[in-house]
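A.B. asks: Below is one structure. I have some questions about it.
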Amino acid sequence: MPPLLIVKTGRADSIVSARLGDFEDWIADGLGPGSPPIEVCNVQEGGRLPAPRALAGAVVTGSSAMVTSREPWSERTANWLADAVSLGLPVLGICYGHQLLAHALGGRVATNPRGREVGTVPLNLTSDAAGDLLLGGSPSPTPVQTTHLESVVELPRGVVALASSVLDPNHAFRVGSSWGVQFHPEFSSEVMRAYLEARRVLLASEGLDVERLLAQVVPSNLGTQVLRRFADLAAA
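End of the sequence shown sits at 235 in numbering that gives the first Met the number 0; the numbers just go up one at a time, nothing left out.
Shown next, in the form of structure tokens:
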């Protein structure tokens, strides 16, 4: 079976990763035992992406980098994503990956004008999400884990909008057999709490109530569903 590629665009918070692992670890765990064999390509450190036709699918991770910085490695990955989507490769872009996928397809990414979104937030699904292969069947609103400063402020033309939150109207979309989700489906509630603790001083300096955010953290059934269903899609 062709491999499923995890496109690593950055590292998780160093304090969190030292104790709990990194993005690719959580994603691999979430994809489950039914996933195709997994390979990792660290594009931020110069990894060379394989031909899309040689893969069963690709998951693009989050990152502390900013899509708007237009770093060379990021722009090369965006070009690769545009080709992958045109060839029909199943792609799941997460957080930075969601933004990079939108950028690759002609959307616009910018600093979220509504401010930082972090913690467990209620996600509102659109009517088009009801029959979606990854998001379909979930209640609306449903809790998801998120942490980001930049957002997709304009969706690419021709995509299907799937979800919104109070601070991000373009929280998920689909084009063909590819998806972008701003939330982190790979984050457990433990990881989400660890992120909040690690960034406590920063969040407090921005006027956010960290204790309230911690108290609101709950598991995300949708996150588990999205990764398992994507693994099934890639393995089909």
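A virtual CB, placed ideally from N, CA and C, is assigned to each residue, including glycine.
Starting from Glu149, trace the beta strand (DSSP E) both ways and give me its first and last residue.
C.D. replies: Counting from 1 along the sequence shown, the entry for residue 149 is found at position 150. Here the beta strand (DSSP E) through Glu149 covers 149 to 153.
A.B. asks: Quick one, which of Ala128, Gly61, Asn41, Leu91 has its alpha-carbon nearest Trp72's?
C.D. replies: The residue labelled residue 72 in the question sits at position 73 within the sequence shown. Looking at the Cα atoms, Asn41 is the closest of the given residues.
A.B. asks: Would Ser13 and Val90 be called neighbours here (beta carbons separated by less than 7 Å)?
C.D. replies: In the sequence shown, counting from the first residue as 1, residue 13 sits at position 14. In the sequence shown, counting from the first residue as 1, residue 90 sits at position 91. Taking 7 Å as the Cβ cut-off, Ser13 and Val90 do not qualify as a contacting pair.
A.B. asks: Could you tell me the distance, in whole angstroms, from the CA atom of Gly31 to the CA atom of Gly92?
C.D. replies: What you label residue 31 is simply residue 32 of the sequence shown in a count that begins at 1. What you label residue 92 is simply residue 93 of the sequence shown in a count that begins at 1. Approximately 18 Å, taken between the alpha carbons.
A.B. asks: Report yes or no: do the segment 138 to 145 and the segment 210 to 229 share at least 3 C-beta pairs separated by less than 8 Å?
C.D. replies: yes
A.B. asks: Using DSSP's beta-bridge definition, name the partner residues of Gln144.
C.D. replies: Here residue 144 corresponds to residue number 145 of the sequence shown, with the count starting at 1. Note: Gln144 sits in a beta bridge opposite Thr119.
A.B. asks: Within a Cβ cutoff of 7 Å, which residues of the same chain sit near Gly175, ignoring the five residues on either side of it in sequence?
C.D. replies: Numbered from its first residue, the sequence shown carries residue 175 at position 176. Correct list, in chain order: Val84, Gly87.
A.B. asks: Quick check: the Cα distance between Gln215 and Gly118, rounded to an integer number of angstroms?
C.D. replies: Counting from one through the sequence shown, the residue named residue 215 turns up at place 216. Counting from one through the sequence shown, the residue named residue 118 turns up at place 119. Just so you know, the alpha carbons of Gln215 and Gly118 end up roughly 8 Å apart.
A.B. asks: Rounded to whole angstroms, how far is the Cβ of Leu124 from the Cβ of Ala162, which I believe are closer than 8 Å?
C.D. replies: The residue given as residue 124 occupies position 125 in the sequence shown. The residue given as residue 162 occupies position 163 in the sequence shown. Rounded to the nearest angstrom, the Cβ distance from Leu124 to Ala162 is 5 Å, consistent with a contact under 8 Å.
A.B. asks: Any idea which residues DSSP pairs Asn41 with across the strands?
C.D. replies: Working through the sequence shown from its first residue, we reach residue 41 at position 42. For Asn41, which the question treats as bridged, DSSP gives the partners Lys7.
A.B. asks: Quick check on the DSSP output: what are the complete alpha helix (DSSP H) runs of length 4 or more inside the segment 64 to 94, in order along the chain?
C.D. replies: 71 to 85
A.B. asks: Assign Leu161 to one of three DSSP states: helix, strand, or coil.
C.D. replies: To locate residue 161, count along the sequence shown from 1; it is residue 162. Looking at Leu161 - three-state DSSP - the assignment turns out to be strand.
A.B. asks: In chain order, what residues of the same chain have a beta carbon less than 7 Å from the beta carbon of Asp21, not counting five sequence neighbours either side?
C.D. replies: By 1-based counting over the sequence shown, the position of residue 21 is 22. These residues qualify, in order along the chain: Arg10, Ala11.
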